[in-house]
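Taking it in order: structure first as structure tokens, then the write-up.
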Amino acid sequence: MQTLAIIGSQWGDEGKGKITDLLGAKCDVVVRYQGGNNAGHTIVVDKKKIVLHVIPSGILHPHTTSIIAHGVVFDPDAFKAELLDAKNAGINLTFNNLKVSENCSVITSYHKLLDQLRETKGPEKIGTTGKGIGPCYEDKVARKAIKLKDLFDKDTLMSRLKKNLIEKEALFKHLYNSSFPTVEEEATRLFELGKMVKPFVCDTFSYLSNCISNHKKILYEGAQGVLLDIDYGSYPFVTSSNTTIGGIHTGAGLMGKSIDEVVGITKAYTTRVGEGPFPTELHDDLGKKIQKIGNEFGSTTGRARRCGWLDLPLLKYSIKASNLTSLALTKVDVLRRLTDLKICHAYRFRGETIDCAWPGIDMNEVEPIYTDMAPFHDTFKNGSLSKELGAYIKLIEDTLKIPISIVAYGPERSEIIFTGARKFFI
Ligand code: GDP
Ligand code: IMO
Ligand code: MG
């Protein structure tokens with residue numbers, strides 16, 4: 001196996017950081033290809049926790065090179081803070097082990113401000129992370145983004161910033177009545193940050209192309225999850241990038257290869273942060289209990305995550321939308337000892353029973369149909385699973401017709417069982 005992708009199969013926070021760190025151990029390169037510092041990927045080793053936002057989750061392995069490819073929207077200020085966090089955690093990042101594409105679109109103060117103003121004063125609240133992700137992607141598509149390489153020349157930077165600000169200025173002044181930095185202030189800020197980022201910057205497309213030609217093992221680390229994809233997700237309550245497999249092609253490049261394995265990281269239940277439909281959401285004490293046991297509070301914004309039962313129609317859709325080849329089931333330990341345990345295996349939708357969500361379906365309209373599951377009490381001490389947890393896994397595999405290759409039962413890197421025949425890079 002040469003290429004593997006890690007994709008969140010639900011609404012994000014499925015445990016992608018943990019699995020990337022684990023499988024990254026035997027990789028040469030780990031690549032982030034979409035999203036930005038809206039992501040929060042947690043790794044725990046020997047009780048020490050590190051949360052990564054835009055830096056790939058392979059950095060704990062000294063032999064691994066991490067790439068931030070051109071599809072990522074890049075906030076140089078947030079990057080600076082993250083570098084410092086990594087340094088404080090004893091991880092030294094240099095050009096040898098971290099490379100950033102010169103073609104990343106840059107998140108400016110204007111993007112962050114606009115994101116936050118829309119959330120507080122706009123007509124529809126999405127519940128974004130407020131990191132400027134949407135407005136930055138909008139500018140990329142509108143062909144007025146600032147690319148990372150633009151930060152290195154003050155005149156270019158000034159001229160691009162002017163084009164970027166011209167329409168936003170009217171919004172800040174007249175729609176939102178908000179103050180905003182002048183082009184000169186923003187240019188000075190970004191130019192200084194550019195000096196800090198420059199040592200990490202290169203043409204990552206050519207670098208990756210060489211890696212592929214030289215048969216290097218590459219892991220593509222997705223951020224967010226399929227249901228947050230701009231095209232496949234629960235629109236408009238989505239993020240602004242392609243979180244599905246297609247994002248790899250546009251955001252990093254595969255150079256004549258297809259992905260050998262696509263592992264859908266799947267929480268044993270479902271969570272969601274921000275607004276939007278959530279068919280299996282638990283609005284009662286049980287939802288609160290799962291939130292507490294699972295410590296379901298955002299790694300980026302600290303917001304409480306909404307919790308609910310595992311949703312198989314939603315996963316059936318994710319498997320199709322992202323060509324998943326197996327699932328890694330995480331956080332099964334959170335469900336142990338619950339006396340009431342359910343899996344949603346189908347939806348009732350406009351008088352019919354359906355077993356797969358599809359693009360455009362109004363998820364507010366579906367009514368989940370549940371199978372009651374026997375509680376399990378596994379301690380996970382001897383590497384085997386109880387009959388009851390086995391039945392939980394079998395129902396998922398049989399309904400979705402996809403193998404579960406990994407079961408994770410705790411935040412630590414070591415708290416994992418390989419359940420299938422595949423051992424990935426390991
Ligand atoms: P990501 O965004 O997909 O990388 O996931 P997050 O890091 O935002 O959220 C997952 C949370 O669950 C983190 O706090 C992880 O440390 C934790 N975690 C990951 N796998 C497991 C697991 O199997 N069991 C438990 N209890 N926690 C886990
Ligand atoms: P990881 O990679 C969970 C959600 C936000 C909001 C919507 C749009 O850690 O799984 P944005 O700031 O992207 O414009 O917000 O997407 N969201 C996430 N939810 N995990 C994430 O990343 C997320 N990144 C964005 O809460 O609902
Ligand atoms: Mg997260």
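Under my numbering, the very last position in the sequence shown is 426; numbers go up by exactly one each time.
Glycine included, each C-beta is placed from N, C-alpha and C at the ideal position.
Fair warning: this is a prediction, and the values are worked out from it, not measured in the lab.
Is any non-hydrogen atom of the ligand MG found closer than 8 Å to the C-beta of residue i, if you look at the structure I gave you?
{"i": "Ala39", "result": "yes"}
{"i": "Thr128", "result": "no"}
{"i": "Gly233", "result": "no"}
Kindly indicate which residue of the options has the alpha-carbon position closest to the one of residue i.
{"i": "Ala69", "options": "Ile406, Gly253, Ala304", "result": "Gly253"}
{"i": "Leu83", "options": "Val51, Glu365, Leu315", "result": "Val51"}
{"i": "Leu389", "options": "Gly383, Asp398, Lys401, Pro375", "result": "Pro375"}
{"i": "Leu310", "options": "Arg272, Thr301, Asn382", "result": "Arg272"}
{"i": "Ala461", "options": "Lys217, Gly17, Thr244, Arg348", "result": "Here the chain has residues from 1 to 426 only, and residue 461 is not among them."}
{"i": "Val45", "options": "Ser405, Leu22, Trp358", "result": "Leu22"}
{"i": "Ile406", "options": "Val106, Thr239, Gly420", "result": "Gly420"}
{"i": "Tyr347", "options": "Thr108, Ile166, Trp358", "result": "Trp358"}
{"i": "Val201", "options": "Glu102, Lys87, Asn382, Asp85", "result": "Glu102"}
{"i": "Ile218", "options": "Gln10, Met373, Thr20, Ser9", "result": "Thr20"}
{"i": "Ala187", "options": "Leu171, Leu148, Arg413", "result": "Leu148"}
{"i": "Ala391", "options": "Ile369, Lys342, Ser414, Tyr409", "result": "Lys342"}
{"i": "Met363", "options": "Asp333, Thr280, Gly351", "result": "Thr280"}
Taking DSSP's pairing of strands, which residues face residue i in a bridge?
{"i": "Lys48", "result": "Val45"}
{"i": "Gly383", "result": "The partner list for Gly383 (beta bridge, DSSP) is empty, contrary to what the question assumes."}
{"i": "Ile417", "result": "Val407"}
{"i": "Lys342", "result": "Asp372"}
{"i": "Val31", "result": "Ile67, Tyr220"}
{"i": "Cys356", "result": "DSSP output for Cys356 lists no bridge partner at all."}
{"i": "Gly8", "result": "Ile265"}
{"i": "Glu367", "result": "Arg348"}
{"i": "Val73", "result": "Ser105"}
Just to check, is the beta-carbon of residue i closer than 8 Å to a non-hydrogen atom of the ligand GDP?
{"i": "Glu415", "result": "yes"}
{"i": "Glu14", "result": "yes"}
{"i": "Ser57", "result": "yes"}
{"i": "Asn103", "result": "no"}
{"i": "Ile404", "result": "no"}
{"i": "Val332", "result": "yes"}
Measuring from the CB of residue i, is there a heavy atom of the ligand IMO at a distance below 8 Å?
{"i": "Arg306", "result": "no"}
{"i": "Arg303", "result": "yes"}
{"i": "Val273", "result": "yes"}
{"i": "Thr300", "result": "yes"}
{"i": "Phe380", "result": "no"}
{"i": "Thr120", "result": "no"}
Leaving out five residues on either side along the sequence, give the residues of the same chain with a beta carbon under 7 Å from the beta carbon of residue i.
{"i": "Lys125", "result": "Glu119, Glu275"}
{"i": "Leu400", "result": "Leu312, Leu315, Lys316, Ile319"}
{"i": "Ala86", "result": "Ile55, Ile59, Leu93"}
{"i": "Pro199", "result": "Phe95"}
With a CB to CB cut of under 6 Å and the five nearest residues on each side skipped, what residues in its chain are close to residue i?
{"i": "Asn38", "result": "Thr129, Lys131, Ile133"}
{"i": "Arg422", "result": "Ser405"}
{"i": "Asp75", "result": "Asn37, Ile107"}
{"i": "Gly298", "result": "Val273"}
task = Counting only runs of 3+ residues fully inside the segment 255-319, write out the beta strand (DSSP E) ranges in chain order.
result = List check, beta strand (DSSP E) in window: 261-267, 270-272, 306-308.
ask   = Which runs of the alpha helix (DSSP H), 4 residues or longer, sit entirely within the segment 105-183?
value = Along the length of the segment 105-183, whole alpha helix (DSSP H) runs at least 4 residues long occupy 109-121, 133-141, 154-170, reported in chain order.
ask   = Taking the runs of the beta strand (DSSP E) that are 3 residues or longer, which of them lie wholly in the segment 187-251?
value = Note on the segment 187-251: whole beta strand (DSSP E) runs with a minimum of 3 residues are 218-221, in chain order.
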